[in-house]
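Residue numbers (this note's numbering): 71 to 310.
Quick notes on the structure that follows.
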Ligand SMILES: CCCc1ccc(-c2ccc(S(=O)(=O)CCO)cc2)cc1[C@H]1C[C@H]1c1ccccn1
């Protein structure tokens, strides 16, 4: 098949993002501070600024029972579910379908006073990865979102300030084998979700406002999204 112009960038970005997501917080360099915790969910951030703008890298680890990594990534990647769980979304369109596992999105997010409204244009790629720790274990699944350009939608030419983001959702499924002679149910499943994101807000916004938004929005987003996947899959066959 002929290669798409973005393919080399996608391949490279996925490799880098997946290897960083696999690292524990300790290995990920210093400066990570735990800023939110709720049951099995732990959220860390590093305070970083570029040209006076807050670009705090975020790393969240969450363990959710009853779902698989494929189901988590499937509901994160596919546009038809996004309005159900992404509460800050005002509008979303798929600008390009590069392949069945790679889409280009344009999203506008609801304005956060007093910052101006933001939009994001990014490619999104879903991929299954071999489980290096346990060959016969369930595969690892990942979705990587990375800002890109599109000739028809140059940054900052309308009402929105263009954000620049890199996001990696990495999911590792664990199956606790059921008792002899009993069939596998969702009670035997758990999924370790690692969510990494770096969002450059694109234009100036007060650091205090942005940090308050992230502190409020990210825990809400991950809890709401994972609850959504559990609810969507609870009466359906398990998707490994
Ligand atoms: C000034 C920055 C505004 C702003 C721009 C962009 C995003 C954002 C975009 C994409 C993704 S995602 O993980 O790729 C899922 C697809 O939507 C998450 C977050 C969030 C915020 C801010 C609105 C806040 C927020 C933070 C966390 C989660 C959701 N929203």
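Where a beta carbon is used, it is the ideal one built from N, C-alpha and C, also for glycine.
Rounded separation between residue 72 and residue 169 - CA only: Taking the straight line joining both Cα atoms gives about 12 angstroms.
Endpoints, alpha helix (DSSP H) assigned at residue 90: DSSP places residue 90 inside the alpha helix (DSSP H), whose first and last residues are 77 to 92.
Classification of residue 193 by the beta-carbon crowding that lies within 10 angstroms, buried from 16 upward: Buried: at least 16 other Cβ atoms inside 10 Å.
Segments of 3+ residues assigned as beta strand (DSSP E) that fall wholly inside the segment 133 to 162: The qualifying runs do not exist here; there are none.
Stretch-stretch touch, CB-based, cutoff 8 angstroms, three pairs: the segment 239 to 248 with the segment 163 to 181: No: fewer than three Cβ pairs fall under 8 angstroms.
Contiguous beta strand (DSSP E) assignments of at least 3 residues, all confined to the segment 221 to 270: Within the segment 221 to 270, the complete beta strand (DSSP E) segments of 3 residues or longer fall at 234 to 245, 259 to 270, listed in chain order.
Distance cut-off 7 angstroms: residue 165 Cβ against heavy atoms of ligand 1: It does not: the Cβ of residue 165 is nowhere closer than 7 angstroms to a heavy atom of ligand 1.
Short CB-CB distance (under 8 angstroms) between residue 183 and chain D: The chain labelled as chain D is not found in the depicted structure, where only one protein chain is given.
Residue 303 - containing alpha helix (DSSP H), residue span: In this chain, the alpha helix (DSSP H) harbouring residue 303 covers 277 to 303.
Residue 186 in three-state terms, based on DSSP: Coil at residue 186, not helix or strand.
Nearest candidate by alpha-carbon position, reference residue 264, set 106, 305, 103, 111: When 106, 305, 103, 111 are compared, the shortest CA-CA separation from residue 264 is found for 111.
Identified DSSP bridge partners for residue 193: Within the DSSP bridge table, the entry for residue 193 names 174, 216 as partners.
Inter-residue spacing [alpha-carbon to alpha-carbon] between residue 205 and residue 236: Straight-line measurement puts the Cα of residue 236 at about 29 angstroms from the Cα of residue 205.
Assigned exposure category for residue 93 - 16 Cβ within 10 Å defines buried: In this structure residue 93 is exposed. Its beta-carbon is surrounded by fewer than 16 other beta-carbon atoms within 10 angstroms.
Local Cβ density within 10 Å of residue 254, reported as buried at 16 or more and exposed below that: So residue 254 ends up on the exposed side.
The segment 74 to 84 contacting the segment 214 to 234, beta-carbon criterion three pairs below 8 angstroms: Taking 8 angstroms as the limit for Cβ pairs, the verdict is that the segment 214 to 234 does touch the segment 74 to 84.
Contact check, residue 231 vs residue 278, beta carbons under 8 angstroms: Contact flag unset, no.
Residue range of the unbroken beta strand (DSSP E) whose run includes residue 105: The continuous beta strand (DSSP E) containing residue 105 extends over residues 103 to 108.
Which of helix, strand or coil DSSP assigns to residue 166: When secondary structure is reduced to three states using DSSP, residue 166 falls in the strand class.
Of the listed residues 102, 106, 107, 108, nearest to residue 118 (C-alpha basis): Among 102, 106, 107, 108, the Cα nearest to that of residue 118 is on 102.
Backbone secondary structure at residue 115 - three-state DSSP: Here residue 115 sits in strand by DSSP.
Through-space distance from residue 147 to residue 175, alpha-carbon basis: Taking the CA atoms as reference points, residue 175 sits about 10 angstroms from residue 147.
Check: residue 275 C-beta below 7 angstroms from any heavy atom of ligand 1: Yes - ligand 1 has a heavy atom lying nearer than 7 angstroms to the Cβ of residue 275.
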